[in-house]
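Novice: In the numbering used here, the protein residues as written are 27 to 264.
(1) Quick check on this structure: which residue in 56, 105 and 66 has the alpha carbon closest to the alpha carbon of residue 77?
(2) On the DSSP bridge list, what partners appear for residue 120?
(3) Kindly give me the distance between the Cβ atoms of residue 21 and residue 153, rounded to whole angstroms, as I take these residues to be in contact under 8 Å.
(4) Can you say whether residue 157 is buried or exposed, counting buried as having 16 or more other CB atoms within 10 angstroms of its CB?
(5) How would you write the range of the alpha helix (DSSP H) that residue 74 sits in, first residue to last?
(6) Please state the DSSP three-state secondary structure of residue 232.
(7) Closer than 8 Å is the cut-off here; do at least three beta carbon pairs connect the region 99–113 with the region 136–145?
(8) Rounded to whole angstroms, how far is the Cβ of residue 179 from the Cβ of residue 67, which I believe are closer than 8 Å?
(9) Can you check which of these residues, 195, 188, 60 and 164, is closest to residue 173 by C-alpha distance?
(10) Terminal residues of the continuous alpha helix (DSSP H) containing residue 196?
(11) Please list, in chain order, all residues of the same chain as residue 155 whose beta carbon is under 6 Å from its beta carbon, the five residues on each side excluded.
(12) Grouping DSSP H, G and I as helix and E and B as strand, with all else coil, what is residue 39?
(13) Distance, Cα to Cα, residue 87 vs residue 98?
(14) Looking only at C-alpha atoms, which of 32, 42 and 36 sits nearest to residue 201?
(15) What are the start and end residues of the alpha helix (DSSP H) that includes residue 167?
(16) Can you name the start and end residues of the beta strand (DSSP E) that residue 154 belongs to?
(17) Is it a yes or a no for the region 160–175 touching the region 215–232, going by three-plus beta-carbon pairs under 8 Å?
(18) Helix, strand or coil, according to DSSP, for residue 83 in the structure here?
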């Protein structure tokens, strides 16, 4: 399959990305340039996820089916890949921002190169500020996180240890005045330390796709769905 690239300059960026500190000088894109008017949701989390984390990611992303929402993540192993796959399975557009260039020979991680092809062939895109042949290095990942947060209207964290690099993305989201969302988990799991810390710091707890829809501004639909659930279980509307 031929690999074609386009280059976006700052004037082509959505305003929310132009406004962040250290705006990228340019972005390379493989695939379809996203519709910037859609809502962008960044989904990130642990590389070593639990069955709970995988199920939660699939359920929440799957529950966004049919909405003008684009799922952004980093193509990394773990929750990133689960989020991309869940978006594809749900017919949602997904955008991957790897910590490498976009050349097939260097795209990182190599184990997700087939996933990257599916993202592109399904109408999504790979996005990077790095030159095409740039190989991933440790400093490149925090740097690309600012693009993920900058592109997005909200960041959803699903499983992360207290000192996880995932929390860099949530901190940047806070700095950029984006909504930080997170899924609570077991108090016995280290992968719940990050989400529970974020909740203490003011992040919005997420327990369903409806919660995400409300956070992204789809309040009417989310509220109707919530009322229906209360009626179904015999609880009077609050």
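Where is the CB? At the ideal position from N, CA and C, for every residue including glycine.
Specialist: So, to answer that:
(1) 105
(2) 97
(3) In the structure as shown, the chain starts at 27 and stops at 264, and residue 21 therefore has no counterpart that could be examined.
(4) Burial call: exposed.
(5) Where residue 74 is concerned, there is no enclosing alpha helix (DSSP H), given that its DSSP letter is neither H nor E.
(6) coil
(7) In the pairwise beta carbon analysis, the region 99–113 is classified as touching the region 136–145: at least three pairs are separated by under 8 Å.
(8) Between the beta-carbon of residue 179 and that of residue 67 there is about 7 Å, and that keeps the pair under the 8 Å contact cut.
(9) 195
(10) 192–201 is the extent of the alpha helix (DSSP H) around residue 196.
(11) Excluding positions up to five away in sequence, the list reads 50 and 53.
(12) coil
(13) 11 Å
(14) Taking each of 32, 42 and 36 in turn and checking the Cα distance to residue 201, the smallest one comes out for 42.
(15) 166–177
(16) Per DSSP, the continuous beta strand (DSSP E) segment holding residue 154 begins and ends at 151–154.
(17) No, the region 160–175 is not in contact with the region 215–232.
(18) helix
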